[in-house]
Amino acid sequence: MEKIRLVQNKINPLVLPVIFADKLGYFKKFGVPVDLTIAETFQFAQKSSFVAGDVDAMMGDLTFYFNYRQQGKDAVVTTDLTRTIQLLVKKDAPKKGLRIGVARKGLFPFFMAHDLKNILNQPEIVWVDNTYERMDLLQNGKIDGLVAIEPFITDILKSQPDTEILWHSKNSDKNMVMWCFDRKFYDNNGETVANFHRALEAAAQDFNALSATEKCAQAIKVAHYTPQAAENLRHFTFEEQHNYAAKDFELLADFLWQTGEVNQKYLAADCLRKVF
């Protein structure tokens, strides 16, 4: 039985089930050997580590998966993830012609073609890859809104009370965030991967059952969050994991093919694996 090698960043709340499963014995309970390295900040070098074969699994939005494949990484998608992508705007901003700060890579073009086409009226897109830079532009009135994930959204709502959420990906009928595994690793360790997801689900649901105060306390004690960072989790809940939906996968695969972002069509039957 091979260990699952993981490198994840602590700031992203979606990593918490991994940390809790590791520290609180869920992986041991489900018989899952894991070699976990936790980074203290958002750093995306681990993506190339997945492509290079230094880690066995990654989480992220589904465009990451297609980027990996385009770079020659053979991988399969297992489950969906809790959705935290949100569009935040100034409360008094005009609804037409909103200046929206967005990262160049990612799901925004897809969402514009689907979920946001009836929400945003002739937006002006300002391409800014760094989330902190987008937050500064919003604070200084250079943009009217931005797209970001947690914990950044909660931080902005606290520090800039003149903002509000215009759209949340949880309100979508699609889930575009996922876990993926190296294909060879999955083929050789299918039951280990399934138990990995069962352990994450148990850890996440037990966290959901805690009171708001207990959630903060667990983040501090187990994940070593600062009290300030832990406060962002007071009302956080994890969505139930599912096998990744073929219709969602193919919707994005077709979009990326049609827009020239990928050089081949990727089929759900080849790229998805069921673990539940």
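Quick note: the sequence shown uses our numbering, first residue 131, plus one each step.
Idealized CB from N, CA, C, for every residue including glycine.
Since we're looking at a predicted model, the values are computed, not measured.
Residue i to residue j span [Cα, whole Å]
i	j	result
D312	F150	23 Å
N251	T293	18 Å
A353	V164	16 Å
F282	Q138	17 Å
L276	Y156	37 Å
Q348	M306	28 Å
K288	A359	12 Å
G183	P291	43 Å
T367	Y396	32 Å
L340	E280	20 Å
E410	V145	Here the chain covers residues 131 to 406 and nothing more, so residue 410 does not appear.
N318	E380	26 Å
R213	A398	21 Å
A187	V405	14 Å
Y374	R403	8 Å
R264	D274	10 Å
Where residue i falls: helix, strand or coil (DSSP)
i	result
D378	helix
R135	strand
Q290	coil
Q371	coil
G320	helix
K404	coil
L237	coil
L246	coil
L154	coil
K140	coil
N393	coil
V206	strand
A360	helix
M308	strand
K345	helix
H327	helix
Contact belief for residue i with residue j at Cβ below 8 Å, rounded distance in angstroms
i	j	result
I295	Q216	5 Å
V207	Y195	6 Å
T284	L237	Not confirmed; about 20 Å, so no contact.
V185	Q201	The Cβ separation is near 14 Å, so there is no contact.
G227	L268	No, G227 and L268 are not in contact; Cβ-Cβ is about 16 Å, not under 8 Å.
T261	A278	5 Å
Buried or exposed (CB count within 10 angstroms, at least 16 for buried), residue i
i	result
H327	buried
R147	Note on residue identity: the sequence assigns Pro, not Arg, to residue 147. It counts as buried.
T209	buried
D400	exposed
Close Cβ partners of residue i (< 6 Å) along its chain, the five nearest in sequence each way excluded
i	result
F385	F240
Sequence-distant residues of the same chain with beta carbon closer than 8 Å to residue i, five excluded per side
i	result
D259	A233, R234 and K235
V392	F196, R199, Q200, A383 and L386
Same chain, Cβ closer than 7 Å to residue i, neighbours up to 5 away in sequence not counted
i	result
F174	At F174, the pLDDT of 45 sits below 50, so the modelled position is not reliable; the number obtained from the coordinates is stated separately. Within the same chain, F174 has no close Cβ partners at all.
K153	V352
C346	A360, E361, L363 and R364
I350	P357 and A360
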